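Chains as they are written, first to last, in this note's numbering: chain A, 1 to 134; chain B, 135 to 596.
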């Protein structure tokens, strides 16, 4: 089954489009969805859990490097929330770190592409948490 | 008293949470858990009604927030901050700007005129229709309750050929045969969509709205089907330049048809007229540098209606990097027809780039009788102008599944808002009939003309 990956992307860090994502990962390898946020600190534990709940294999949050957030500490907050959401998922029996966060400097496209490729590889490795229909 | 024309809106919530303008950032970890929580005191209950759609990745708070900044300013710990939503800024393109899409969604949802309560701090001129200011100086205008109730303000137009004068025979009877006319109570006709026509639901929504407000809609033969038979009185079949079949089923029972322009257009109109004498036949003519001369020839030769169309961003079809905008090209064509003494006989319908309610009176002032709108209708059905459908990708708001009942209401709401704004503007100009707004360029100011009048003598080389 094709893994589904939701990318929450800080618009200050990497303002990418769906087309850019398709260039990194061909459509037949994974289903990538992207949501651009004003800051990675905009993410909410609710967002993260709901995306996993609706069937995403993995959620990736892309924020600016620590210390470079336009909202001072938005990326640090996002990091805390990712940790918390992963703990909640582990309690529910999904302990594979399905929510990941990377810090990428604005304009660092190779690092962004590498992060996406890594996330897709990880998604292939852990597989969907939903049991395939019999 | 005869009944006044009125469009009744029905508030219709969107199917998907719309992309909102604002982006609230909440550092909730710092919350003091105090008793004066600003989230509970929100006047619009946006925090209480907050919902997140994980399918479309949209948070309802961004759309519902009215930007009063009360929560941002009053939180004792200052945990909230606010910025623009990058998803909002990415919507549409250089012409169909996020604000246009947002405004249209609001009108389609409520049927009300969008009002900006925070004052206008933006620029006072811009490209396209923004370089045009309408006259609002009529002091003895009807009162507001008059405009929306007591007074008669007509927004109706007659589509078809008008006779220049009457002729009488020896016995004093009128000798002329009156050409057919189609009365439309609003100078808006629904055009075929430039893209995004994803199914019967959209066409049926348009047909339903056209019937409710009494206007007409264009239909391409490939979109036509038996499901449109109850709406025949609303349809304008759009026929190709070649292979005209005058016996086609689509022509049966319609009031008006349109042919693409071709050099032999007169014979083709004749063929249509001999089969359906009561049919109003229109000519669809692309706006380009030759359009003015062709339109004047057509009007002299007895054309009933000319539909001038620009591309969906309002630019004329011309090779090169400086196409004229629809308003400028239209002023030129209108003036040519006036000079040729044929303007009053022919009806001009204009389409392309008409995005907002204000563009309707502006295009009429530039010389159109009516406007044909396309993309605003699709946006009213929640389109985000992402153009994924152009490349065959899935629609984020599933336009293929639009229910005609819902879609019809959204379109009626949009037209209600446009109609309210049209009569508001006519009231302010002191004009009570939209037919009199046509070509009233003296009641508007054009930025380019003003700039030229003021500065050309100082700064251009002689």
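We put the CB at the ideal spot given by N, CA and C, even for glycine.
In this text, all values refer to a predicted model and were calculated from it rather than measured experimentally.
Looking at the DSSP output, residue 34 (chain A) sits in a beta bridge with A:7. In the displayed model, residue 528 (chain B) falls within coil according to three-state DSSP, outside both helix and strand. Taking 8 Å as the Cβ-Cβ cut-off, the stretch 40-51 of chain A approaches chain B at 41, 42, 44, 46, 47, 50, 51, given in chain order. At a C-beta separation below 8 Å, residue 54 (chain A) has these neighbours in chain B: 188, 189. Burial check for residue 563 (chain B): the Cβ neighbour count within 10 Å reaches 16 or more, so the residue is buried. When C-beta atoms of the stretch 462-478 of chain B are compared with those of the stretch 189-205 of chain B, fewer than three pairs fall below 8 Å, so the two segments do not count as touching. Interface criterion met: the Cβ of residue 74 (chain A) is under 8 Å from a Cβ in chain B.
Assignment of beta-bridge partners to residue 69 (chain A) by DSSP yields A:72.
Under the three-pair Cβ rule at 8 Å, the stretch 172-179 of chain B does not count as touching the stretch 577-584 of chain B. Around the beta-carbon of residue 241 (chain B), 16 or more other beta-carbon atoms lie within 10 Å, marking it buried. Each residue's CA atom was taken as its position, placing residue 443 (chain B) and residue 351 (chain B) some 15 Å apart. Between residue 63 (chain A) and the set A:43, A:86, A:52, A:49, the nearest pair of CA atoms involves A:43. Within the model, the alpha-carbon separation for residue 167 (chain B) versus residue 513 (chain B) is close to 41 Å. Between residue 465 (chain B) and chain A, the shortest Cβ-Cβ separation is not below 8 Å. The CB of residue 159 (chain B) comes closer than 8 Å to the CB of 38, 39, 41, 42, 71, 74 in chain A, given here in chain order. Three or more beta-carbon pairs separated by less than 8 Å are not found between the stretch 260-268 of chain B and the stretch 293-311 of chain B, which leaves the two stretches without contact. Cβ-Cβ distances below 8 Å link residue 539 (chain B) to 342 in the same chain, with the five nearest sequence neighbours on each side left out; the list follows chain order. The Cβ atoms of residue 190 (chain B) and residue 151 (chain B) lie closer than 8 Å to each other. For the stretch 346-401 of chain B, the full-length beta strand (DSSP E) segments reaching 3 residues or more read 351-353, 369-373, 390-394 along the chain. For residue 233 (chain B), the three-state secondary structure derived from DSSP is helix. Neighbours of residue 219 (chain B) in chain A, taken as residues whose beta carbon is under 8 Å from its own, are 38 in chain order. For chain A, the residues of the stretch 219-234 of chain B that bring a beta carbon within less than 9 Å of one of its beta carbons are 219, 220, 221, 223, 224, in chain order. In the structure shown, the three-state DSSP call for residue 269 (chain B) is coil. Among the residues of the stretch 81-108 of chain A, none has a Cβ less than 8 Å away from any Cβ of chain B. Here residue 404 (chain B) is exposed: its Cβ has fewer than 16 other Cβ atoms, across all protein chains shown, within 10 Å.
The secondary-structure analysis by DSSP pairs residue 101 (chain A) across a beta bridge with A:61.
Interface with chain B (8 Å Cβ-Cβ cutoff): residue 33 (chain A) is included. For residue 299 (chain B), the secondary structure class from DSSP, reduced to helix, strand or coil, is coil. If you ignore the 5 residues before and after residue 303 (chain B), its C-beta comes within less than 8 Å of the C-beta of 309, all in its own chain and listed in chain order. At a C-beta separation below 7 Å, residue 11 (chain A) has these neighbours in chain B: 220.
Apart from the 5 residues on each side of it in sequence, residue 221 (chain B) sits with its Cβ closer than 7 Å to the Cβ of 153 in its chain, given in chain order. Counted as a single uninterrupted DSSP element, the beta strand (DSSP E) harbouring residue 481 (chain B) occupies residues 481-485. Taken through DSSP and simplified to helix, strand or coil, residue 461 (chain B) comes out as helix.
Look at residue 194 (chain B): its C-beta is not under 8 Å from any C-beta on chain A. B:392 is the residue among B:225, B:494, B:179, B:392 whose C-alpha sits nearest the C-alpha of residue 379 (chain B). Scanning B:522, B:282, B:529 for the CA closest to the CA of residue 227 (chain B) turns up B:522.
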